[in-house]
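*Asks:* I have a structure I would like to understand better, so I am pasting it below and will then ask my questions one at a time.
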Amino acid sequence: MKMFGRTLLTLSLLGAMATGAQANDKVLRVYNWSDYIAPDTVKKFEDETGIRVTYDVFDSNETLEARLLAGKSGYDIVVPSNSFLAKQIKAGVYQPLDKSKLPNWKNLNPVLLKNASASDPDNGHAFPYMWGSIGIGYNPAKVKEVLGTDAPVNSWDLLFKPENAAKLKACGISFLDSPTEMLPAALHYLGYPVNSQDKAQIAEAEALFMKIRPSVAYFHSSKYISDLANGNICVAVGYSGDVLQAKARAQEAGDKVKIEYSIPKEGAGSFYDMVAIPRDAANVDNAYLFMNFLMRPDIIAEVTNSVGYSNANAAATPLVDEAIRDDPGSYPPQAVMATLYAIPDMPIATQRVMTRGWTRVKLGK
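Here it is, written out as structure tokens:
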């Protein structure tokens, strides 16, 4: 998901400020993740339509959800992750999509639409914008130096086996700070359902992390990008697009640090960041124009080329930079796709259990 741990800021592009515009005005208000659009996407839309866009960003699904559930969000387009989308649909915060207003829907990848429909039956309220997996970003040279040439970089054994984690401590390990993503990874590794609500199984997943906790440098959902690129850590569990960004930064800095990304052979979490229209949106027609604009292959390919995340637009794939589309971490082959699981939408009570357990993991006690 470009979904978690982004630096919080709010900005407006091209000087467009919120003006309390009413429906039918030539305005549009968009709320998206930070660093999640090409530099000129909004300008191109404005130039083509004459619609003024206010483009604000958020740092977590929780931030977006609080805004939506409070009502009167003030936005016409929002980008929740699929694991949050399901319960928000149940809460009635989104408008059903009128697909007759989205002629570019035909460009979307039917396989990814089907996967996303687990959170939104028949894709009735949203479409997938970007997607990715949660895997292992690593520095091959440093990992080889510590664990040798047979280091299991394609397996969760690399980190979940305490003896491996203890050796990697010397060069630095990080995990995402996200209980609803990290504990399911441990559950999956232990052979339990990723959406388990069994407190005993969740406790086992917590215990697995406790065993390796002394070897973990930190838990953070964005810091690892620069730390991987700079060689400050050697292994990070992170989002596929973020690791690709770290790899690109390292290359731009002279390619002294090499970064690779692997999807563990046991399977890994996948996420979809979805585009939806809040029920209280004031500029619905403009929102549909923007949605249809994002479904254009040339536009969404530019976004992928800029942010490094895979898009859900089948027609755009030939336009994506070769280095991205040929990277199996970004565009996995079908055999790998079959091992991915969706980040589960946990009941509130289970989320609380996970959050309390995760707090204990981070504190190490």
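In case it helps, mature numbering (1 follows the signal peptide of the UniProt record, and there is no 0) puts the sequence shown at residues -23 to -1, 1 to 342.
We treat Cβ as the ideally placed atom computed from N, Cα and C, and that holds for glycine.
1. Look up L136 in the DSSP assignment and give the residues it is bridged to.
2. Check for me: the beta strand (DSSP E) holding I111 runs from which residue to which?
3. Going by DSSP, which residues form a beta bridge with D298?
4. Taking only three categories from DSSP, how would you classify G218?
5. For E181, which residues of its own chain have a beta-carbon under 7 Å away from its beta-carbon, when the five flanking residues on both sides are left out?
6. Quick one: what's got a C-beta closer than 6 Å to I189's C-beta in the same chain, skipping five residues either side?
7. For the putative contact between E183 and R337, defined by C-beta atoms under 8 Å, what is the C-beta separation to the nearest angstrom?
8. So who's on the other strand from A213, going by DSSP bridges?
9. So, does the segment 189 to 200 touch the segment 142 to 161, judging by three or more C-beta pairs under 8 Å?
10. If you draw a straight line from the alpha carbon of A(-3) to that of A253, how long is it in whole angstroms?
11. Report the three-state DSSP secondary structure of Q(-2) (helix, strand or coil).
12. Relative to the C-alpha of residue 346, which candidate in M107, N269, K144 and Y13 has its C-alpha closest?
13. Taking the beta carbon of V70 as the centre, do at least 16 other beta carbons fall within 10 Å, making it buried, or is it exposed?
14. Return the CA-CA distance between A304 and D2, expressed in angstroms with no decimal places.
15. Rounded to whole angstroms, what's the CA-CA distance from K233 to L221? Just pull it up for me.
16. Is there contact between the segment 46 to 66 and the segment 8 to 17, where contact requires at least three CB pairs shorter than 8 Å?
17. For E243, which option in G112, S58, M323 and L79 has the closest C-alpha, if you only look at C-alpha atoms?
*Replies:* Reading from the atomic positions:
1. L136 pairs with nothing; no bridge assigned.
2. A103 to Y115
3. Bridge partners of D298: none, in fact.
4. helix
5. L167
6. Excluding sequence neighbours, I189 sits near P139 and A142.
7. 7 Å
8. G114 and S151
9. yes
10. Because the pLDDT of A(-3) is 39, which lies under 50, any placement of that residue in the model is unreliable, and the number read from its coordinates should be weighed accordingly. In this structure, the CA atom of A(-3) is about 19 Å from the CA atom of A253.
11. With a pLDDT of only 45 at Q(-2), under 50, the local geometry of the prediction cannot be trusted, and no value is derived from it.
12. For the chain, the structure presents residues -23 to 342; residue 346 sits outside this window and is missing.
13. That one is buried.
14. In the sequence as displayed, the identity of residue 304 is Asp instead of Ala. So the two alpha carbons sit approximately 43 Å from each other.
15. 16 Å
16. A contact exists between the segment 46 to 66 and the segment 8 to 17.
17. Closest option to E243, Cα to Cα, is G112.
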